[in-house]
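Residue numbers (the numbering used here), protein chains in the order written: chain E, 20 to 515; chain S, 2 to 308.
Where a beta carbon is used, it is the ideal one built from N, C-alpha and C, also for glycine.
Just below is one structure, and these are the notes that go with it.
Written out as C-alpha cells, the structure is:
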C-alpha cells in the first residue's frame with residue numbers, strides 16, 4: 020500500500036465513525052428510541068477485561084473482542100480510525116499550539132504502568148474502567164457535558180432531524196457536569212505539551228493494543244534506497260512512532276494513520292503484510308519500565324483500590340437514590356463503569372452523575388434527583404442501556420414494584436397541612452395503581468379564619484416506590500414539601 | 002255561560018294571532034335559523050373501530066353537519082387529553098380511534114389539522130404510548146410538541162383568580178379549536194372533563210394552578226374559547242384518577258357527547274356518566290355563577306341517538 024490518498028481515506032472513516040458516535044448519543048436521548056442499542060462502551064476491550072477480572076463483566080463483548088482480534092492483524096488501527104476520543108484529540112491537535120518540549124520517549128511507558136496497575140487492582144475487585152477507559156471518558160463527556168450545550172444552542176436545527184426533539188418542558192442539564200468537563204478538558208488540554216498526549220502517554224486501552232500491535236502483521240516498511248533521512252515523517256508523526264532517521268518504526272505506537280505516506284516526498288514508505296520478525300520493530304512496548312516503576316504503579320494502584328474499603332468507602336447511610344433496578348450499593352459501585360448512558364437515555368433528566376455524594380469510589384455513578392426529574396413509571400430505559408448490569412434489566416411489571424425510595428411529607432411547609440388550603444398535586448401525579456398518596460378529609464380553620472374542609476395528603480409507605488414525581492411536581496417553591504428518601508427496605512427488595 | 006259578541010271576536014283575533022305566530026316560527030324552522038340542541042349524545046352497543054367512526058359521523062350530523070364548524074382551508078386544532086404516559090387501555094388519555102375519526106373528518110372537510118397537548122409526563126413518550134401519534138399519522142394530521150418558549154400572555158376577561166395566562170401561540174392563531182377530553186375521575190377537581198382539559202394549552206407551572214384549582218379552571222375557559230367539544234365517554238375512569246387506577250375502576254359508558262358549550266357538556270357528563278350532581282362540582286358552580294352556561298341539566302335540549 021503506497022498511495023498517498025490513504026491518509027485522506029482514514030480521516031473520512033474517522034469522521035464517519037465519529038458521526039455514528041454522535042448520532043448514537045442523540046438517538047438514545049430520544050425518549051422513544053430503543054435503549055438496548057447503546058453499544059458504545061462495549062467497544063473497549065479494556066473495559067471488558069478489567070470488568071471481567073473484577074467480577075462484573077460488560078454484557079456485549081463481541082464488538083470489543085473482534086476489534087482486539089483484528090489488532091493482531093492490522094495493529095493499533097482502533098486509535099486512529101475508530102476511537103471517538105482519538106478523533107476529538109486529533110481535532111484539538113489541529114487547533115492547539117504545540118510546544119513538544121517533553122521528551123516523549125521518557126514518558127510513553129506510563130500508559131503501560133496505568134494498564135498494569137489497573138489490571139493488578141482488578142484482581143482486588145476494583146474496576147478502574149470507569150476512570151481511565153477512554154471510551155467511558157469520551158462517552159460521559161459528550162453526553163453529560165457537551166450535548167446539553169449543543170442541544171440548547173442548536174435545538175432548532177436538531178428538531179428538523181428529530182421531530183420530537185423539543186418535547187421536553189425545560190432545557191436539560193446534568194448536575195455536577197463541570198467536574199466531567201474538567202476531566203475532559205484536561206485530557207484534551209494535555210495535547211498542548213505533546214500531540215496525542217493522552218493516547219501516547221496515558222491511555223490504558225492504547226497500551227493494551229500496543230502490546231499486541233508489536234506483533235501485528237500489517238507493518239510499515241521503508242525502502243532504504245529511496246529514503247534520504249530527511250525526517251519529514253518523523254516530525255509529521257502524531258504518535259512519535261518513527262525512530263530518528265525515519266527508517267525504524269515503533270510498531271506498538273503506529274496507529275496506521277498513513278500521515279508518513281503523505282509526508283514522504285521520495286515514495287520510500289509503504290505498508291505491507293509482513294511477519295514481525297522479518298520487519299522488526301525498533302523498540303519493545305514499554306521499553307524502559309524499571310522494577311521501581313512497577314512498584315510505584317502497584318503501590319499507587321493499591322492506594323486507589325483502598326478507597327473502596329477505607330474512609331472513602333461506599334456509605335450505606337448515603338442519602339442518594341439510585342436508579343430503579345440498581346444492584347445493592349456495594350455491588351453497584353463495583354459494576355458501574357460510569358459510561359453515563361443511563362443519564363443520557365433518561366426521558367425526564369432525572370439521573371445525574373455523583374461526584375463525592377456516594378463516597379470517592381462512587382464518582383460519576385448515577386443518582387436520581389427528584390426535584391430535577393422524576394422516574395417515569397412505565398420506563399425501563401436505564402436498565403436496558405446499562406452495559407454491565409449495574410442497573411438490572413427489569414420488565415415493566417417488575418420495575419413498577421421496584422422500590423428506590425419512599426416519600427415523606429414535610430408538614431411544616433406542605434400547603435394543605437400548614438395553610439389548610441387544598442393542593443393535592445402529589446396525589447394527582449402518583450402513578451401507583453391504588454395510589455401511594457391518599458387524601459384525608461378534615462375540617463379545619465384556614466388562614467382567613469374560616470371553617471373549611473381540607474384534603475390532607477398522606478403517604479402509604481407500603482405502596483410507595485419512590486419514583487419522586489410527587490417531589491418533582493410539588494408546587495412549594497425551592498425545597499419541596501414532599502421528599503423522597505431512601506427506602507426502609509434495602510435496595511433490591513421487591514414489594515409483592 | 003254566555004259569551005258576548007265582543008268577547009267572542011276578541012278571542013277569535015287572539016287565537017288567529019297565535020296561529021300566525023306559530024306559522025311564522027315554522028317558517029323560521031324551514032329557513033334553518035333553528036338552534037341545535039345544547040348537547041348531542043351518541044351511544045353505541047359495542048365498542049369497535051367502526052362503531053366509533055359511525056358515532057362521530059352521527060354526532061356531526063346531529064350538530065348540523067361538519068361544515069358548520071370546519072370550513073375549507075381552516076386551521077383546526079384538536080386538543081385531546083394526552084396528559085399521561087399510559088396506554089389507551091388505562092383510560093387516562095383520549096381514545097385514539099375517536100381522535101383519528103374526528104381528525105380524518107376535519108381533513109375531509111378540507112382543513113389543516115393539528116393535534117397537540119401539554120402533557121404532565123414527557124410529551125414524546127405520551128404521544129407515542131397513548132396511540133395519538135399513530136392516530137394522527139393515519140388521519141393525515143400533524144402533531145405538535147409544545148415548545149416552552151412559544152406561550153403568549155393573554156389577559157383573562159373577568160378572571161376569578163388570574164389576570165393573565167400564558168396560552169400556546171398556535172391555539173391563539175387557530176380558526177377552529179376542538180376540545181376532545183376524556184371523562185375521568187380527578188382527585189382535585191372531582192371530575193376532569195372539557196373545562197379542565199384546557200389546562201393542556203396553558204403554560205407555566207401546572208402545580209401552581211392546583212391551588213385554587215376550581216377558580217383557575219373557570220379562568221382557563223374565559224381566556225380560551227373553544228368551538229366544539231367532543232367528550233370521550235367511551236371508557237371512563239371512575240376512581241383513582243387522573244393518573245392511576247386498576248382495571249376495575251374503568252367503566253364502559255360507550256358514550257360520546259358533542260356540544261358547543263363546555264359548561265353544558267361537563268354538567269351533562271357529570272350527571273349522566275358519573276351520576277354526580279353538577280352543582281356539587283366547584284368549577285361548574287363557579288362557571289354557572291359567572292354566566293358561562295346553565296348547569297341545570299333538566300333544562301337542556303338534548304338529542305340522544307344510538308348507533
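Inside the stretch 60-140 of chain S only - beta strand (DSSP E) runs reaching at least 3 residues: 76-81 and 113-118
The stretch 241-255 of chain S: positions lying closer than 8 Å to chain E by Cβ: 241, 243, 244, 245, 246 and 247
Does the beta carbon of residue 472(E) sit closer than 7 Å to a beta carbon anywhere in chain S? No - not a single Cβ of chain S is within 7 Å of the one on residue 472(E).
Between the stretch 457-472 of chain E and chain S, which residues of the former have CB atoms less than 8 Å from a CB of the latter, in chain order? 458
Count the other CB atoms, across all protein chains shown, that sit within 10 Å of the CB of residue 462(E); report buried if there are 16 or more and exposed otherwise. exposed
Tell me whether residue 233(E) is buried or exposed, calling it buried when 16 or more other Cβ atoms sit within 10 Å of its Cβ. Classified as buried, residue 233(E) has 16 or more neighbouring CB atoms from the shown chains inside 10 Å of its CB.
Have a look at residue 76(S) and residue 414(E) and give me their C-alpha separation to the nearest angstrom. 42 Å
Contact between the stretch 458-476 of chain E and the stretch 387-402 of chain E (3+ Cβ pairs under 8 Å): no
What residues in its chain sit with their C-beta under 7 Å from that of residue 290(S), if we drop five residues either side in the sequence? Excluding positions up to five away in sequence, the list is empty.
Considering only their Cβ atoms, is the gap separating residue 363(E) from residue 117(E) smaller than 7 Å? no
In chain E, which residues lie less than 7 Å from residue 212(S) when you measure between Cβ atoms? 434, 440, 442 and 494
Per-residue DSSP class, three states only, for residue 33(S): The pLDDT assigned to residue 33(S) is 45, lower than 50, so where the model puts this residue is not dependable; a value taken from the coordinates is nonetheless given after this. Residue 33(S) falls in the coil class under three-state DSSP.
Using the three-state DSSP reduction, which class does residue 368(E) fall into: helix, strand or coil? coil
Answer yes or no: does any C-beta atom of chain S fall closer than 7 Å to that of residue 450(E)? Yes, because at least one Cβ of chain S sits closer than 7 Å to the Cβ of residue 450(E).
Residue 304(S) and residue 57(S) - do their beta-carbons sit closer together than 7 Å? no
Pick helix, strand or coil for residue 96(E), following the three-state DSSP scheme. Residue 96(E) carries a helical assignment under DSSP once its states are collapsed to helix, strand and coil.
On the three-pair Cβ rule with 8 Å, is the stretch 431-441 of chain E touching the stretch 221-240 of chain S? Output reads no: the stretch 221-240 of chain S does not touch the stretch 431-441 of chain E.
Near residue 513(E), which residues of its chain fall below 8 Å by C-beta distance, leaving aside the five closest residues on each side in sequence? Residue placement at residue 513(E) cannot be trusted, given a pLDDT of 45 that sits under 50; what the coordinates show is reported in the next sentence. Excluding sequence neighbours, residue 513(E) sits near 417, 420, 421 and 422.
Residues of its chain near residue 89(E), where Cβ-Cβ distance is below 6 Å and the 5 sequence neighbours each way are ignored: none
Along the chain, which unbroken stretches of the beta strand (DSSP E) at least 3 residues long are found entirely within the stretch 135-180 of chain S? The qualifying runs are 143-146, 152-156 and 165-169.
For a cutoff of 7 Å on Cβ pairs, would you count residue 200(S) as touching chain E? No, its Cβ sits nowhere closer than 7 Å to a Cβ of chain E.
Could you tell me the alpha carbon to alpha carbon distance between residue 210(S) and residue 154(S), rounded to whole angstroms? The C-alpha of residue 154(S) is placed about 16 Å away from the C-alpha of residue 210(S).
Alpha-carbon spacing of residue 430(E) relative to residue 393(E), whole angstroms: 21 Å
Residue 263(E) - DSSP class collapsed to helix/strand/coil: Residue 263(E): coil per DSSP, three-state reduction.
Buried/exposed call for residue 31(E), threshold 16 Cβ in 10 Å: exposed
Note down, one range per segment and in chain order, each beta strand (DSSP E) of at least 3 residues found wholly within the stretch 232-303 of chain S. 251-260
With DSSP as the reference, label residue 188(S) as helix, strand or coil. coil
When the distance is taken between beta carbons, is residue 355(E) closer than 7 Å to residue 309(E)? no
Output, in chain order, the set of chain S residues within a Cβ distance shorter than 9 Å of residue 363(E). Per Cβ cutoff of 9 Å: no residues; residue 363(E) is ~14 Å from chain S at best.
Is the Cβ-Cβ distance between residue 82(S) and residue 94(S) less than 7 Å? yes
Mind checking the stretch 352-378 of chain E against chain S and listing, in chain order, the residues whose C-beta falls within less than 7 Å of any C-beta there? 366 and 367
Within 10 Å of its beta-carbon, does residue 404(E) have 16 or more other beta-carbons around it, so buried, or fewer, so exposed? Residue 404(E) should be labelled buried.
Run down chain S in chain order and give the residues with a C-beta less than 7 Å from the C-beta of residue 51(E). From the beta-carbon of residue 51(E), the residues of chain S found nearer than 7 Å are 125, 126 and 129.
According to DSSP, is residue 71(E) helix, strand or coil? Look at residue 71(E) here: in three-state DSSP terms it is helix.
Extent of the continuous alpha helix (DSSP H) run through residue 148(E): 148-151
Where does residue 457(E) fall in DSSP's three states? Residue 457(E) falls in the strand class under three-state DSSP.
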